[in-house]
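> Every letter in the sequence shown is one number past the one before it in this note's numbering, and letter 411, counting from 1, is 451.
Using N, Cα and C, we set each Cβ at its ideal position, and we do this for glycine too.
Before I ask anything, here is the structure I am working with.
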Amino acid sequence: MVDLPDRTTQFIDWYLAVVEAAELTDKRYPVKGLNVWTTYGLRARRRLDALLVQEIERTGSNPVEFPTLIPQTEFAKEAEHIRGFDAQVYWVTRGGETPLDVPLVLRPTSETAIYPVFQKWIRSHRDLPLNVYQIVNTFRYETKTTRPFLRVREIHFFEEHTCQVDDDAATARVRSNLETAKAIVRALALPCAFLRRPEWDKFPGAYYTVALDVPLGEARTLQIGTIHHYRENFSRPYGLLYETATGEQRYVHQTTFGLSERLLGAVVAIHGDQKGVVFPTSIAPYEVVVVPVPGAGADVGSLARDVADRLGRAGVRVVVDTGDERPGAKYYRWELKGVPLRLEIGPREASGGSVTAVDRLGKKGSIPIATLEAGVRGRLAEFDAALYARATERFSTAFRRVDSIEALRDGRAVAVVEWCGAEACGHQIEAAVDGSLLGTPEAPLPLPTLGEPRSCLVCGTAAGTRWAVAGRPL
Ligand code: ZN
41 MVDLPDRTTQ FIDWYLAVVE AAELTDKRYP VKGLNVWTTY GLRARRRLDA LLVQEIERTG
101 SNPVEFPTLI PQTEFAKEAE HIRGFDAQVY WVTRGGETPL DVPLVLRPTS ETAIYPVFQK
161 WIRSHRDLPL NVYQIVNTFR YETKTTRPFL RVREIHFFEE HTCQVDDDAA TARVRSNLET
221 AKAIVRALAL PCAFLRRPEW DKFPGAYYTV ALDVPLGEAR TLQIGTIHHY RENFSRPYGL
281 LYETATGEQR YVHQTTFGLS ERLLGAVVAI HGDQKGVVFP TSIAPYEVVV VPVPGAGADV
341 GSLARDVADR LGRAGVRVVV DTGDERPGAK YYRWELKGVP LRLEIGPREA SGGSVTAVDR
401 LGKKGSIPIA TLEAGVRGRL AEFDAALYAR ATERFSTAFR RVDSIEALRD GRAVAVVEWC
461 GAEACGHQIE AAVDGSLLGT PEAPLPLPTL GEPRSCLVCG TAAGTRWAVA GRPL
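Here it is, written out as structure tokens:
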């Protein structure tokens, strides 16, 4: 039995303990920030990758895979981008004993790997839009405290890169990515804020950045993804020109969409409880665990295997726990690992024609064996709906409208404030929350009573005032 730290009062300690106890990762690799993907965690990650692929391919994006190493000469072409990443890159400077003529960067992100090749792929307007994505590992020399899935030095990363004919088409791609992001977080039962970052906090080289943020309790937030509009900021230095229908040469407008293993960290952090992980069925390594409960006069083992076989044939991811521990110890372990639904099969179930079903949120019932597959599907759908309802309730109470600098300092919730858009006012808001001005909503916040913003919290001006969100990013 593992005694997890209290999730409410020792959130980070709880998180670190639960990812290990549930066997999602092994942190003992001898390089800081590089963790081992153990079998159970990897199964969840593969489910997550499949979800991302399904959702992005719906929108006409195609898979590619570019090399991990980027020549310094390409990496250095977009000045602002390089300033943003220079301190975080790993360098490869030797091949065997020979110093390399051109040192190589281990990709921290892939713009500078991909765009020199886009330059060769794009000739005419008929080559556009070019929408491609890859799921690869990226590397960042992270100097802050590393934490599994949330801040690591080798990052499992999804990145879409697109080239469009003009600003409007790129803006439309950003809107499309927002809808894709909504579908992904909905499948993970993770309510999310979509915030346009302020100028001083956008991605290096971007025209603007829309981030996906989830609240983690008190004023803490976690960025789980980003969508960037680049305009011509990369296409100019990389020479990404195309010929229009009338024979003019124009630069493409570009966008990117990035997600990472942080999504898995967010699932653990947001849905988890004092018993452990709670997986939504979409990425659960197993949707159902079958536990035989031995007793007199019944072959519960063979019934358990039959039940699992039927579910497996129906496409349900199922595991039977045939170990020799007490049933209670098995319940405990599979709750820790976050399996959505447990089926208990004892002598009573064997003779009564039904199985006992307990979901990970504690709801108990029974499912007739005659209609097992439909019954299990129904219970899993109910569980997902209940998980989403619980997360939505937590999400809406994580934000609070704040109308004075003094009240910003209490830090008990993510703050929603009125802001004129001026950087100086933004920095005063950041100082008061001891965190960041995360941005202005791209989609309505879950606070129906907000109404229209009137005047800036800091300077009192009415002109250009909008709602903004401030918190402390993890
Ligand atoms: Zn102001």
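Hey, quick one: how far does the beta strand (DSSP E) through HIS467 stretch, first residue to last?
Your numbering for residue 467 matches position 427 in the sequence shown. Looking at the DSSP string, HIS467 is not in any beta strand (DSSP E); the run it does join, the alpha helix (DSSP H), is 463 to 473.
> Reducing DSSP to helix, strand and coil, say where LEU56 ends up.
Walking along the sequence shown from the start, residue 56 turns up at place 16. In the structure shown, LEU56 sits in a helix (DSSP, three-state: H, G or I).
> Could you compute how far the alpha carbon of GLU95 sits from the alpha carbon of ILE323?
Residue 95 sits at position 55 when you count from the first residue of the sequence shown. Residue 323 sits at position 283 when you count from the first residue of the sequence shown. Spanning the two alpha carbons is a distance of roughly 14 Å.
> Under 6 Å Cβ to Cβ from VAL225, same chain only, skipping five residues before and after it: list those, please.
As a working mapping, residue 225 is identified with position 185 in the sequence shown. Cβ within range, chain order: CYS232.
> How long is the line joining the alpha carbons of THR321 and LEU420, rounded to whole angstroms?
Within the sequence shown, residue 321 is the residue found at index 281, counting from 1. Within the sequence shown, residue 420 is the residue found at index 380, counting from 1. Approximately 7 Å, taken between the alpha carbons.
> Kindly indicate which three-state DSSP category VAL129 falls into: helix, strand or coil?
By 1-based counting over the sequence shown, the position of residue 129 is 89. Three-state DSSP puts VAL129 in coil, outside helix and strand.
> CB-CB under 8 Å to ARG68, same chain, minus the five flanking residues each way: which ones, in chain order?
Within the sequence shown, numbered from 1, the residue matching residue 68 stands at position 28. Closer than 8 Å at the Cβ level, and outside the excluded window around ARG68, lie VAL76.
> Any heavy atom of the ligand ZN inside 7 Å of the beta-carbon of ALA472?
For the purposes of this step, residue 472 is taken as residue 432 along the sequence shown, with counting starting at 1. Checking every heavy atom of the ligand ZN against the Cβ of ALA472, none is found closer than 7 Å.
> Starting from the C-beta of PRO486, find all residues in its chain whose C-beta is less than 8 Å away, skip the five residues before and the five after it, and write them out in chain order.
Here residue 486 is taken as the residue at index 446 of the sequence shown, counted from 1. Counting only Cβ-Cβ distances below 8 Å, and skipping sequence neighbours, we find PRO231, THR432, PHE435, SER436, PHE439.
> Leaving out the 5 sequence neighbours to the left and right, which residues in its chain are closer than 7 Å to VAL306 when beta-carbon positions are compared?
As a working mapping, residue 306 is identified with position 266 in the sequence shown. It is Ala, not Val, that sits at residue 306 in the sequence shown. Excluding residues within five positions, the ones whose Cβ falls inside 7 Å are LEU230, VAL254, LEU262, ILE264.
> Please state whether DSSP places LEU140 in a helix, a strand or coil.
Looking up residue 140 in the sequence shown gives position 100. DSSP places LEU140 in strand when its eight states are reduced to three.
> Suppose you measure from the CA of THR49 to the CA of TYR55; what does that come to, to the nearest Å?
Counted from its first residue, the sequence shown places residue 49 at position 9. Counted from its first residue, the sequence shown places residue 55 at position 15. So the two alpha carbons sit approximately 12 Å from each other.
> Taking three-plus beta-carbon pairs below 8 Å as touching, is the stretch 239 to 250 in contact with the stretch 302 to 318?
Contact between the stretch 239 to 250 and the stretch 302 to 318 is absent, because fewer than three Cβ pairs lie under 8 Å.
> Do you know how far the Cα of ILE162 is from the Cα of ASP346?
Indexing the sequence shown from 1 puts residue 346 at position 306. Indexing the sequence shown from 1 puts residue 162 at position 122. So the alpha carbons of these two residues sit roughly 56 Å apart.
> Going by the C-beta, is CYS526 closer than 7 Å to any heavy atom of the ligand ZN?
For the chain, the structure presents residues 41 to 514; residue 526 sits outside this window and is missing.
> So, at 6 Å on beta carbons, what are the nonlocal neighbours of LEU497 in its own chain, with the 5 sequence-adjacent residues on each side left out?
As a working mapping, residue 497 is identified with position 457 in the sequence shown. Result list for LEU497: VAL457, GLU458, in chain order.
> Going along the chain, which residues of its own chain have a beta-carbon closer than 7 Å to the beta-carbon of LEU88, five neighbours each way excluded?
Numbered from 1 along the sequence shown, position 48 holds the residue referred to as residue 88. Contacts found: LEU303, LEU304, ILE323.
> Less than 8 Å between the beta carbons of ALA510 and LEU478, yes or no?
What you label residue 510 is simply residue 470 of the sequence shown in a count that begins at 1. What you label residue 478 is simply residue 438 of the sequence shown in a count that begins at 1. It is a contact, given that the beta carbons lie within the stated cut-off.
> Measuring straight from C-alpha to C-alpha, what distance separates LYS117 and GLU63?
As a working mapping, residue 117 is identified with position 77 in the sequence shown. As a working mapping, residue 63 is identified with position 23 in the sequence shown. Between LYS117 and GLU63, the C-alpha separation is close to 42 Å.
> Can the beta-carbon of LEU146 be found closer than 8 Å to that of VAL157?
Against the sequence shown, residue 146 aligns to sequence position 106. Against the sequence shown, residue 157 aligns to sequence position 117. Their beta carbons are not under 8 Å apart, which means LEU146 does not touch VAL157 by this criterion.
> Hey, would you say LEU228 sits closer than 8 Å to VAL250, going by beta carbons?
Along the sequence shown, read from residue 1 onward, the residue named residue 228 stands at position 188. Along the sequence shown, read from residue 1 onward, the residue named residue 250 stands at position 210. It is not a contact, given that the beta carbons lie outside the stated cut-off.
> Residues in the same chain with beta-carbon distance under 7 Å from ILE154, minus the five sequence neighbours each way, listed in chain order, please.
For the purposes of this step, residue 154 is identified with residue 114 of the sequence shown, where counting begins at 1. These residues qualify, in order along the chain: PHE106, HIS201.
> If we require 3 or more residues per run, which beta strand (DSSP E) segments fall completely within the stretch 139 to 208?
Those beta strand (DSSP E) runs which fall completely within the stretch 139 to 208 and span 3+ residues are 170 to 179, 194 to 204.
> Should GLY386 be labelled buried (16 or more other beta-carbon atoms within 10 Å of its own) or exposed?
Counting from 1 along the sequence shown, the entry for residue 386 is found at position 346. Classification for GLY386: buried.
> Distance check for ALA447 and ALA259, CA to CA, integer angstroms please.
Start at 1 with the first residue of the sequence shown, and residue 259 comes out as number 219. Start at 1 with the first residue of the sequence shown, and residue 447 comes out as number 407. Going from the Cα of ALA259 to the Cα of ALA447 covers about 12 Å.
> Classify ASP399: buried if its beta carbon has 16 or more other beta carbons within 10 angstroms, exposed otherwise.
Stepping through the sequence shown from its first residue, residue 399 is reached at position 359. That one is buried.
> Work out the CA separation of PHE179 and LEU74 for me, nearest whole Å.
For this step, residue 74 is matched to residue 34 along the sequence shown. For this step, residue 179 is matched to residue 139 along the sequence shown. Cα to Cα, LEU74 sits roughly 10 Å from PHE179.
> So which residues touch the region around the ligand ZN, with touch meaning a C-beta under 6 Å from any heavy atom?
With the cut-off at 6 Å, the residues found are CYS460, ALA462, CYS465, CYS496, VAL498, CYS499, THR501.
> If distances are taken between C-alpha atoms only, which option among ASP206, TYR181, ASN177, ARG191 comes closest to PHE197?
Stepping through the sequence shown from its first residue, residue 197 is reached at position 157. Of ASP206, TYR181, ASN177, ARG191, the residue nearest in Cα terms is ASN177.
> Using the Cβ count rule (16 or more neighbours within 10 Å means buried), how would you classify THR79?
Looking up residue 79 in the sequence shown gives position 39. Flag for THR79 reads exposed.
> Cα-Cα, which of VAL172, VAL59, ARG83, GLU60 is closest to ARG98?
By one-based count along the sequence shown, residue 98 stands at place 58. Comparing Cα positions, the closest option is VAL172.
> Write down the C-beta distance between PHE274 and GLN294 rounded to the nearest angstrom, noting that I regard them as a contact closer than 8 Å.
Walking along the sequence shown from the start, residue 274 turns up at place 234. Walking along the sequence shown from the start, residue 294 turns up at place 254. Confirmed, Cβ separation roughly 6 Å.
> Rounded to whole angstroms, what is the Cα-Cα separation between LEU44 and ASP450?
For the purposes of this step, residue 44 is taken as residue 4 along the sequence shown, with counting starting at 1. For the purposes of this step, residue 450 is taken as residue 410 along the sequence shown, with counting starting at 1. Going from the Cα of LEU44 to the Cα of ASP450 covers about 28 Å.
> Quick one: give me the first and last residue of the beta strand (DSSP E) that LYS370 is part of.
By one-based count along the sequence shown, residue 370 stands at place 330. Run containing LYS370: none in the beta strand (DSSP E); it sits in the alpha helix (DSSP H), 367 to 376.
> Compare the beta carbon distance of LEU381 and VAL328 with 8 Å and say whether it is the shorter of the two.
On the sequence shown, position 341 is the one that residue 381 refers to. On the sequence shown, position 288 is the one that residue 328 refers to. Result yes, Cβ atoms of LEU381 and VAL328 sit closer than 8 Å.
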